[in-house]
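Remarks on the structure that follows.
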RNA sequence: GGCUGGGUGGCAGAGUGGCCAUGCUGCGGAUUGCAAAUCCGUCUACCUCGGUUCGACUCCGGGCCCAGCCUCCA
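In our numbering, the protein residues as written are -14 to 448.
What follows is the structure, given as structure tokens:
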């Protein structure tokens, strides 16, 4: 039985889909004006694993992850760059897709863009206007009248009267109430704009998600996800918009992942303490980043540090080392035993990937113990290890390639040279010239090559 | 002030009413020409104060501390 922590009810609940065997899921994707940082990577990886796991449970999942390609930040950045905003967003959409591919994040089924959804956005605002939830301020902007939506605050657990308006962001003078938010914003000179019943302008920050999610998934769907920082105001406002339009509960399960922190402080663009995915990829493999993310529960804070990534690196190398030289193709991997049971139990418990990884290590350990004895059992377990790891999107590379490759992969010439030196060392060892053998090993060690002398053979891997 | 999450061994990080997480690192042993890898063993872990209980790190209550949110953020 799958249990999910639902941010809406603040408790773990048994998951029941709206439609038997099917899941409709929406995740807030990127606002594309810069490269993805590790915080974005966390959302991408976490929900990637959630989707993979839901599919494993035989649900037919429709996964929608949007792209917000028009908003204030994009306009500001495009202006700074003296660049058309569309060129800017195209560039970062491409970069995001590259990052996703590197991180082994499977593409969503639908990836709607705000700028392609203008008709839906406008029709939704019209409906809100018709239902009496909006007003046009004297500056021409259309606002959502939060006081009209009785359930406002149900997701974040906030009461309007307890909030300190303008605590961090200045309140717009045109609003009736500080908690109101913009639905349609009038275009200033030289700003990108779309025609609408309220004049040329662009959508406010929250409406695009309400429009795209209902457009792609209907008035009601199962899961809505995103980072913790979106819970308020973004998701609260999405609820206000969608439910004021449809009169129905829009989402059954809200899933929010925790932050990535740097030195115990949230990683964010505004604080400037972020590391982009491509930056980190210069020093670590994508799989190491993925492991690092999945090694803690998705709701916990995750501290970014090179120590933690180094630990991820060692841990993965150990698992690959175990798989090295074991043929797994004879078995399909779908083995039912105490490992698979506990793996599923962990994943069923609100996607406890850290617990699931610990099971992978228990299997690894068992394979190491068996390897000298029962070969076929070791192969069977290795196939299982790979299969279970595939749900987390790790351990899928050829171990040989993985262990000899990496961030600064060697070229063919270098590997030929290594093989030559290893051959020389083997000969030295046969003639008991250990001084020479050690000298050769030292040369390779200095290049970051680690040797392992197996029975009658020597293999190598990168440090 | 209100609202969310959290506080677990050297570090990271799960979990459980009584016994073992797991990973990284350190230490001892086996193995090895020496290593590496692997195996075996090992390091005073559960913020604090009360309560419930035969038994609490785990359940309940009061503190303290950390992070985040209160209309820019994943």
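Even glycine gets a Cβ: it sits at the ideal position worked out from N, Cα and C.
Contact fails between the segment 70 to 77 and the segment 27 to 47, because fewer than three Cβ pairs, one in each stretch, are under 8 Å apart. Under DSSP, residue 188 takes part in a beta bridge, and its partners are 169. For residue 36 and residue 419, the gap between their C-alpha atoms comes out near 54 Å. Excluding sequence positions up to five before and after residue 351, its CB lies within less than 7 Å of the CB of 366, all in the same chain and listed in chain order. As computed with DSSP, residue 287 is found in a beta bridge with 245.
Pairing residue 197 with residue 114, the inter-Cα distance amounts to about 18 Å.
In the DSSP annotation of this structure, the continuous segment of the beta strand (DSSP E) that includes residue 436 starts and ends at 434 to 439. Beta-bridge partners assigned by DSSP to residue 400: none are found. Bounds of the beta strand (DSSP E) holding residue 444 are 442 to 447. Annotated three-state conformation of residue 206 is strand, per DSSP.
In the DSSP secondary-structure assignment, residue 179 is bridged to 186. Within the DSSP bridge table, the entry for residue 50 names 12 as partners. Shown here, residue 353 sits in a helix according to DSSP, grouped into three states. Beta-bridge analysis with DSSP links residue 22 to 261. Under DSSP, the beta-bridge partners assigned to residue 240 are 210. The shortest C-alpha to C-alpha distance from residue 143 to any of 164, 210, 168 is the one to 164.
DSSP places residue 311 in the coil class of the three-state scheme, outside both helix and strand. Counting only runs of 3+ residues, the beta strand (DSSP E) found wholly inside the segment 123 to 152 occupies 127 to 129, in chain order. Bounds of the alpha helix (DSSP H) holding residue 112 are 103 to 115.
Measuring C-alpha to C-alpha distances from residue 159 to each of 280, 122, 376, 2 identifies 122 as the nearest.
In the structure shown, residue 250 adopts extended strand secondary structure according to DSSP, grouped into three states. DSSP, read as helix, strand or coil, puts residue 164 in coil. For residue 222, the uninterrupted alpha helix (DSSP H) run begins and ends at 221 to 231, by DSSP. Around residue 318, the same chain offers 368, 369, 371, 372 as residues with beta carbons nearer than 7 Å, after the five sequence neighbours per side are excluded. Across the structure, residue -10 and residue 224 are spaced so that their CA atoms are roughly 18 Å apart. The residues 425, in chain order, have a CB closer than 7 Å to that of residue 409 in the same chain once the five nearest residues on each side in sequence are set aside. Burial check for residue 303: the Cβ neighbour count within 10 Å stays below 16, so the residue is exposed.
Comparing C-alpha distances from residue 268 to each of 362, 431, 298 shows the shortest one belongs to 298. In the DSSP annotation of this structure, the continuous segment of the beta strand (DSSP E) that includes residue -3 starts and ends at -4 to -1.
Residue 98 is bridged by DSSP to 52. DSSP places residue 45 within a strand segment (E or B) once states are collapsed to three. Here residue 119 is bridged, per DSSP, to 129. Going by beta carbons, residue 247 and residue 288 fall inside the 9 Å limit. Apart from the 5 residues on each side of it in sequence, residue 446 sits with its Cβ closer than 7 Å to the Cβ of 388, 389, 435 in its chain, given in chain order.
Residue 310 holds the alpha-carbon nearest to the alpha-carbon of residue 353 among 310, 127, 406.
If you draw a straight line from the Cα of residue 438 to the Cα of residue 405, it comes to about 15 Å.
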